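Chains as they are written, first to last, in the working numbering: chain A, 1 to 304; chain B, 1 to 453. Even glycine gets a Cβ: it sits at the ideal position worked out from N, Cα and C. For clarity, every value in this text was computed on a predicted model and none was experimentally measured. Down below is the structure, laid out as C-alpha cells.
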Amino acid sequence: MTGVRPDTDLVPAAQTTTFPMGVLTRRNRNPVIKAIARHAVTIAIVIVILYPVVWMIAASFRPDGQIIGRLGLLGSFTTAGYRHGWAPDSSLHFSRFFLNSFVIAALSVVGNIFGCTLAAYAFARLRFPAKRILFGILLATLLLPYQVTLVPQYILFAKLHWLNTYIPLVLPRFLGVDAFFVFLNVQFIRAIPRELDQAALIDGCSSWGIFRRIILPLSLPAIGATAMFTFINSWNDFLGPLLYLSNPSKYTVPLGLNLFIDSTGTSSLGSLFAMATLSLVPLIGFFLASQRLLVEGISTTGIK
Amino acid sequence: MRSINALRRPNTHPATLRRFTIVAATAALTVTAACGGTGAGPSTAKTGGKVGGSITYTWWGAGERNQKTEAVINLYKKAHPGVKIETSTADFNAYFQKLGVEAAGKNLPCVPQMQARELTDFTSRRALLPLDSLVSSGKIDVSGMPKSVLNTGRGADGKLYMIPTGAAYDGIMYNQTLAKKAGVGDLPPKYTWDQWSKWILTAAKKLPKGVYAANLDGGNADLFISYVQSQGQQLFNKQGQLGFSKQTLVNYWNMWEKLRKAGATVPAATAAELANAQENQAYIVLGKAMSQVTPGNWLQSAQEYLNDNGGGTLKITTHPYGTKGIGNVLITSGLSIAANCNNVATAASFINFFTNDPGGAKAFASDNGAVTDTKLLQSQQQDSSTDPGVKSSLSVYSDIVKAGAPVILYPSGYTAVFQNDFANEYQQISFGKTSVPAGVDAFFKQAKSELQQ
Chain A
1 MTGVRPDTDL
11 VPAAQTTTFP
21 MGVLTRRNRN
31 PVIKAIARHA
41 VTIAIVIVIL
51 YPVVWMIAAS
61 FRPDGQIIGR
71 LGLLGSFTTA
81 GYRHGWAPDS
91 SLHFSRFFLN
101 SFVIAALSVV
111 GNIFGCTLAA
121 YAFARLRFPA
131 KRILFGILLA
141 TLLLPYQVTL
151 VPQYILFAKL
161 HWLNTYIPLV
171 LPRFLGVDAF
181 FVFLNVQFIR
191 AIPRELDQAA
201 LIDGCSSWGI
211 FRRIILPLSL
221 PAIGATAMFT
231 FINSWNDFLG
241 PLLYLSNPSK
251 YTVPLGLNLF
261 IDSTGTSSLG
271 SLFAMATLSL
281 VPLIGFFLAS
291 QRLLVEGIST
301 TGIK
Chain B
1 MRSINALRRP
11 NTHPATLRRF
21 TIVAATAALT
31 VTAACGGTGA
41 GPSTAKTGGK
51 VGGSITYTWW
61 GAGERNQKTE
71 AVINLYKKAH
81 PGVKIETSTA
91 DFNAYFQKLG
101 VEAAGKNLPC
111 VPQMQARELT
121 DFTSRRALLP
131 LDSLVSSGKI
141 DVSGMPKSVL
151 NTGRGADGKL
161 YMIPTGAAYD
171 GIMYNQTLAK
181 KAGVGDLPPK
191 YTWDQWSKWI
201 LTAAKKLPKG
211 VYAANLDGGN
221 ADLFISYVQS
231 QGQQLFNKQG
241 QLGFSKQTLV
251 NYWNMWEKLR
261 KAGATVPAAT
271 AAELANAQEN
281 QAYIVLGKAM
291 SQVTPGNWLQ
301 SAQEYLNDNG
311 GGTLKITTHP
321 YGTKGIGNVL
331 ITSGLSIAAN
341 CNNVATAASF
351 INFFTNDPGG
361 AKAFASDNGA
371 VTDTKLLQSQ
381 QQDSSTDPGV
391 KSSLSVYSDI
401 VKAGAPVILY
411 PSGYTAVFQN
421 DFANEYQQIS
431 FGKTSVPAGV
441 DAFFKQAKSE
451 LQQ
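Dropping the structure here:
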C-alpha cells in the first residue's frame, strides 16, 4: 500500500512543478492585458461621454454656418458667439440671467437643506402620531408625475399673486416638499448610532440641540449630496422659470438660452453653444466644491 | 448668424418636446374645464373703455423676430404715448406649453399670439374673447384681409377669436438645376398629383448616384392635407372626426410607396433620421435631393445653405392640384385677446395697429407668414428692399389665396394625430413593418380616439 502512495504522490508533485509556473506566467501577463483592456474600455466610454461636451465647446467657437452637420471639432475660429450671446438684446444681458439663476439656485439649496434635513430628522428620530402614514404619503409623492401638480400649483401661486416673482421657485424648498431628499436624509440619519443622541440627551440637549450638535454635523455627506443635486436641478430647471417668470429681466440662464432657439425661425446656434458652455462653469464649480464636502464628510465622521 | 426668413412656421416634424406640449396643454385645459364647471364665458361687455394703461403681449420666436416685434411695439407706443406693453417670448413649443397652463389658471396674457391649429384648444375652454363686436364696431379693421384668410381665425362656434396677421403655407421646393440636368425641367403651373409623381420617377432615372428625386415625405401631414382637399374631400367633418375615406389615404400612401420602392425617394431609414433634422441638414439644401416638401418661407435660407453645398437654384411652388383644384391650406398665426384681459380697448387698439399699420408691417417684414392685409402685401412685393426669396414666397402665397385656399377648422387633438400618429404610421409602412391598408386602419383607429371637437 505504501508503495502505491509515492506513485499517487508523484502526480501532484509533477503538477506542482509545472502547473504553478504556467499560472505564474499567466498571472504576470494577464493583469497587464486586463488592465490595458480595462483602461481602453474606460477611456472609450469617457470619450463617448465627454465628446458631446467637447464638441459643444468647439462649436461655441465656430461661426453659425459651420456648426450643424459636422461631427469634427475643427473649423473657422470666432468668438462672435460669446460676444453676441452675452447680450442677445439691447436690454438683455446674460450676466443678469446668471445672477438670477445663481440667486434662485442658492436660495433653493439653503431652502432644501433647511426643509429636508429638518423633515428627515423628524421622520428618523422623533416620535409623533401617524408618523408612518405621513412618511408613506411623503414617499408616495415621489410617484406623482410633476405634470399632475403643475396646473394646481400654478393656479395657487396665481391666486397668491406670486407670478413673475421668484417665490414659487424658492419658497416650496423651505417647506421640505422634495421627497427624494427627505428620504435620502432619513436613511442617512437612521444610520447614525442612536447612542450619540442618547449621550447628548443625558448631557442635557433638547431635540433641537441633538439635531444641531449631533445630527447636522454627522449628516454632512447627505447634506452635501442634497446641496449638489438641488443646485444642479435648480440651475437646469426650465419649466418652472418658464411658467412663473414673464419679465425678461427676471429670466434664468435656461430661459436665456431659449431666446436663441426658434423652431419656427432661424436659431443662433453659435450664441446658444457659447452661453451653454458658460452655463456649465458654475455647475462644475459647485460639483467640485460639493464633492470635497462629501469626501470630507465621510473622512471626518467615519460614517458611510 | 444667417438672416432670418419670412413666413416662418412651426416645425412640421415635431420632437418629443412637442408631444409633451400637447399633453401638458391638454391636461392643463382639461383640469380647468373640470374645475371651472359652469363658469361664465368671456364677457363681451368689456369691449368699451379708452386706450391707455398697460397690456401684456406674448409671442413665439427668437433673435431677429424678437427685434422686429419690439420695433413694432415701439412704433405703437410712439403712436399711443402712455401705453405700457409688457412682453414675453419663448420658442414655439415652450410658448404653447406655458400658454396652456396660463389658460388653465385663467391668467393668459392680454394679447397672446395664436396659431390657427392651436386655436380650438383655447376657444373650446372659453379662454379667448370673441372679437366680432370689436370688428363690427370698427375698433379692429379687417377690411383689407381676404375673407378666406380671416376665416382661419374662427372657432368651432363661428366666432372670430384670432385676427390673422401672418399666413404661411407649405410648398414643393425643388432644385431647378438638378431638374434641368435630369431632363424634367420645371414643374408646370397648376400641375397635378399624377404629373408630380411622374416628374419624380422620370428624374430619378437620370440623376447622379446618391442624389434622390424627392425626399420621403409620405409622413408629412401638410402635403396629405393638400391631397385630401384637392380631391374635394374634407380633412375633418362637423363632428371634428376625420372627414376623408380610408381609400383616400390608401391611395396616397400607395403613391408614396411606389416612389419609394422605385428608389426615387431617400430611403426610409434616412428619412427617419431626417425627420427632426434642422433646416440646414435637409437633403434638398445638401444637394442630395432634387425636391422636398418644405414651408414656403424656407426659400431664402435654403438657397444660402445650398450655395455652401455645391450650389444650384432652388424654386418654391404650390402643392399639386387635384380634381377639385388647389389643396394648399394656409397656416395662419395672429393675435387674440384673452378672456381674462381687463384692458380690452388697448388690446384691440394694439391688434388693429399690428394688422393695419404700414410702418409696423414694414418693420415686421412678414416675419411670421405673409402679411395678411392685401395692400400691405402688395407694397412689400413692390418694395425693392424686400429680399428676392421673400418676394418669391409672397408671390406663391398670393397664388394660393387667389386659387381659393380652403379653410380648415382644426379640432383639439389635431397636432397629436397629424403631426405624430400620421408620421409614425407611415414610418411603419416605409420600414416594411406593416402594409398600407393595415397602417391606414391603425391611423383611423388612433385618430378616432384622439380627436375631439
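Check                                                                                                                                                                  : Outcome
Output, in chain order, the set of chain A residues within a Cβ distance shorter than 7 Å of B/Asp91.                                                                  : Asn258, Ile261, Asp262, Ser263
Compare the C-beta of B/Gln97 with all C-beta atoms of chain A and state if any pair is closer than 9 Å.                                                               : yes
For B/Glu70, decide whether its Cβ has a neighbour in chain A, counting only Cβ atoms nearer than 9 Å.                                                                 : yes
Along the stretch 220 to 246 of chain A, what residues have a CB closer than 8 Å to any CB found in chain B?                                                           : Phe238, Leu239, Leu242, Leu243, Ser246
Which residues in chain B have a C-beta closer than 7 Å to the C-beta of A/Leu216? List them in chain order.                                                           : Under the 7 Å cutoff, chain B gives no residues; its nearest Cβ is about 38 Å from A/Leu216.
Among the candidates B/Ser124, B/Thr89, B/Asp132, B/Ala370, whose CA atom is the shortest distance from the CA of B/Leu409?                                            : B/Ser124
Does the stretch 203 to 216 of chain B come close enough to the stretch 396 to 412 of chain B to have 3 or more Cβ pairs within less than 8 Å?                         : no
Under 9 Å between the Cβ atoms of B/Tyr174 and B/Leu187?                                                                                                               : yes
Using a Cβ-Cβ cut-off of 9 Å, state whether B/Thr32 counts as contacting chain A.                                                                                      : Any reading at B/Thr32 must be qualified, since the residue scores a pLDDT of 41, below 50, and its modelled position is unreliable; the value itself is stated next. So yes, B/Thr32 belongs to the interface.
Can you check the stretch 206 to 285 of chain B for any alpha helix (DSSP H) of at least 4 residues that lies completely inside it and give the ranges in chain order? : 221 to 230, 246 to 261, 268 to 274
I need the DSSP call for B/Asn356, collapsed to helix, strand or coil.                                                                                                 : helix
Could you tell me which of B/Val228, B/Glu70, B/Ala264, B/Met162 sits nearest to B/Trp199, measuring between CA atoms?                                                 : B/Ala264
With a threshold of 16 other CB atoms inside 10 Å of the CB of A/Glu195, please say whether the residue is buried or exposed.                                          : exposed
Can you name the residues of chain A whose CB is closer than 7 Å to the CB of B/Glu450?                                                                                : Neighbours of B/Glu450 on chain A: none; closest Cβ ~18 Å, over 7 Å.
Name the residue from A/Ile215, A/His39, A/Pro168 whose alpha carbon lies nearest to the alpha carbon of A/Gln187.                                                     : A/Ile215
Taking the continuous alpha helix (DSSP H) assigned at A/Pro221, which residues delimit it?                                                                            : 220 to 236
Who are the near neighbours of A/Leu138 in its chain, counting only those whose CB is closer than 7 Å to its CB and skipping five residues on each side?               : Ala179, Val182
Name the chain C residues that come within less than 8 Å of B/Glu118, Cβ to Cβ?                                                                                        : In the structure shown, chain C does not exist; the protein chains are A and B.
Could you tell me the alpha carbon to alpha carbon distance between B/Asn220 and B/Tyr283, rounded to whole angstroms?                                                 : 15 Å
Please report the residue range of the beta strand (DSSP E) in which B/Ser291 lies.                                                                                    : 291 to 295
Listing by chain order, which chain A residues have their CB less than 8 Å from the CB of B/Gly105?                                                                    : Val151, Tyr154, Ile155, Ala158
Cβ of B/Ala94 less than 9 Å from any chain A Cβ?                                                                                                                       : yes
For B/Arg260 versus B/Ser430, is the C-beta spacing smaller than 9 Å?                                                                                                  : yes
Does DSSP put A/Met275 in a helix, a strand or coil?                                                                                                                   : helix
Along the alpha helix (DSSP H) that carries B/Tyr95, what are the first and last residues, could you check?                                                            : 92 to 104
Kindly indicate the opening and closing residues of the beta strand (DSSP E) around B/Leu314.                                                                          : 314 to 317
So A/Leu163 contacts chain B; which residues on that side make the cut at Cβ distance below 8 Å?                                                                       : Asn107
Please state whether the Cβ-Cβ distance between B/Thr332 and B/Ala167 is less than 9 Å.                                                                                : yes
Since B/Thr89 sits in a beta bridge, which residues does DSSP pair it with?                                                                                            : B/Trp59
Considering only C-alpha positions, which residue in the set A/Ala37, A/Val41, A/Ala124, A/Gly270 is nearest to A/Ser207?                                              : A/Ala124
If you measure from the beta carbon of B/Glu273 to each beta carbon in chain A, is any gap under 9 Å?                                                                  : no
To the nearest angstrom, how far is it from the Cα of A/Gly81 to the Cα of A/Ile261?                                                                                   : 14 Å
I need the DSSP call for B/Asp141, collapsed to helix, strand or coil.                                                                                                 : coil
Whose C-alpha, out of B/Asp441, B/Gly432, B/Ser449, B/Ala361, is nearest the C-alpha of B/Thr165?                                                                      : B/Ala361
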